[in-house]
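Report on the following structure.
Protein chains: 2
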Amino acid sequence: MDPVPRHVYEGRIIRVEVRSRAGTDYDVVRHPGGAAVLAVTPEADVLLVRQLRPAIDRPILEIPAGLLDRPDEDALSCAARELREETGFRHETIEFLGGFYPSVGFTDEYVHLFAATTASLPEAGPEEGVELVRRPLTDLTAAARSGRVRDAKTALALLLADARGYGP
Amino acid sequence: MDPVPRHVYEGRIIRVEVRSRAGTDYDVVRHPGGAAVLAVTPEADVLLVRQLRPAIDRPILEIPAGLLDRPDEDALSCAARELREETGFRHETIEFLGGFYPSVGFTDEYVHLFAATTASLPEAGPEEGVELVRRPLTDLTAAARSGRVRDAKTALALLLADARGYGP
């Protein structure tokens, strides 16, 4: 492994560097990582957000999530804050589900997943540009189990929660 | 959405562009996408590969996978070919499990997942630089269900196969 990677791009969130190994160049996208939370109401509804994602040029349904880009914030606090900011709901309980590398082929991004419970009603409205969507946990779990949930963190959180026996 | 993204980096596999929306710049990593395969032997062992991944600077255990960068190859053929090249095993059956976006926040990468069965023995040795690892499906499924499988495509393939009742 080349000990001195070559920096080729610095963006707002990511930066790209090239590492050489055995004569081959590998593009590596450095990413701050993130935290995401599967939040469930007392009615067994999941709180999802739908927002336009420039990377795929269309809106997609996701669990609330955010970047780990604050030096003084741990992953659990980040997940709780993003839940409150994006949906207006505050967590009552929150626990760790697991963590994963979304794409080890080209990025060091690592995502921490949490499961939370909330009250029935929000404290505030959803974030601007974000549509709040409530869906029954049983419906979403069935969708995830049959491979129909396209967002990796959302699919993994649903399948991990299912494996631990969450839900009504 | 800015109809004309600005290209900022062209790598061997990825390219990076900046899209503007509502006054904010978004870095987008264009990626060809990939295919991955959970391959199981008649002994109910999963065929995994361990290789050094420059992006995370260490080896990690993964199901065989490859890039969808050949214009004349579909995702199933790609998964079957990568299985053969990386492990030396040829598939006997192969079927679609699901597909997912690993990280919609910054990349358009999309991964197609498959489940395959193989013979007990390989036709050839594993690819250079790749260590072939056989692990019981039941052990790996238990690891995935408890959130201990770190590679997203491997965790998702195991959990999707589990949901469909694969295994002994």
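Protein chains in written order, with numbering that gives the first Met the number 0: chain X, 0 to 167; chain R, 0 to 167.
In this text, a Cβ means the ideal position worked out from N, Cα and C, and glycines have one as well.
As the structure is a prediction and not an experimental result, all values here were calculated from the model.
Check, Outcome
"Collapsed DSSP secondary structure at residue 91 of chain X in the structure displayed", "strand"
"Inter-residue Cα distance where the pair is residue 115 of chain X and residue 123 of chain R", "48 Å"
"C-beta neighbour in chain R for residue 26 of chain X, strict 8 Å", "yes"
"Interface flag, residue 137 of chain X vs chain R, CB-CB below 8 Å", "no"
"Cβ of residue 168 of chain X within 8 Å of any chain R Cβ", "Residue 168 of chain X is absent from the structure shown; chain X starts at 0 and stops at 167."
"Integer Cβ distance of residue 11 of chain X from residue 29 of chain X, believed to fall under 8 Å", "The pair is not a contact, with the Cβ atoms about 13 Å apart (cut-off 8 Å)."
"Neighbour list for residue 18 of chain X in chain R, Cβ cutoff strictly below 9 Å", "53, 54, 56"
"C-beta neighbour in chain R for residue 165 of chain X, strict 8 Å", "no"
"Interface positions of the region 77-109 of chain R facing chain X (Cβ-Cβ less than 9 Å), listed along the chain", "95, 96, 97, 98, 99, 100, 101, 102, 103, 104, 105, 106, 107, 108, 109"
"8 Å Cβ cutoff met for residue 136 of chain X and residue 96 of chain X", "no"
"Contacts that residue 38 of chain R makes with chain X (C-beta to C-beta distance below 7 Å)", "By Cβ distance, chain X contributes nothing, its closest Cβ being about 17 Å from residue 38 of chain R, past 7 Å."
"Given residue 24 of chain R as reference, the closest of X:89, X:34, X:9 once Cα atoms are compared", "X:9"
"Closest residue to residue 125 of chain X among X:93, X:67, X:81, X:107 (Cα-Cα distance)", "X:81"
"Residue 126 of chain X in three-state terms, based on DSSP", "coil"
"Contact set for residue 100 of chain R: own chain, Cβ-Cβ below 6 Å, skip 5 residues either direction", "109"
"Residue 35 of chain R and residue 27 of chain X closer than 8 Å at C-beta", "no"
"Cutoff 8 Å: residue 32 of chain R Cβ touching any chain X Cβ", "no"
"Per-residue DSSP class, three states only, for residue 21 of chain R", "coil"
"Residue 144 of chain R: first and last residue of the uninterrupted alpha helix (DSSP H) it sits in", "136-144"
"Exposure label - residue 157 of chain X; buried when at least 16 CB within 10 Å", "buried"
"Contact with chain X by residue 11 of chain R, beta-carbon distance below 8 Å", "yes"
"CB contact below 8 Å: residue 149 of chain X versus chain R", "yes"
"Sub-8 Å separation of residue 46 of chain X and residue 86 of chain X beta-carbons", "yes"
"Residue 72 of chain R at chain X interface by Cβ criterion, 8 Å", "no"
"Reference residue 61 of chain X, options X:68, X:38, X:42, X:69, closest by Cα", "X:38"
"Beta-carbon proximity of residue 94 of chain X to residue 113 of chain X, cut-off 8 Å", "yes"
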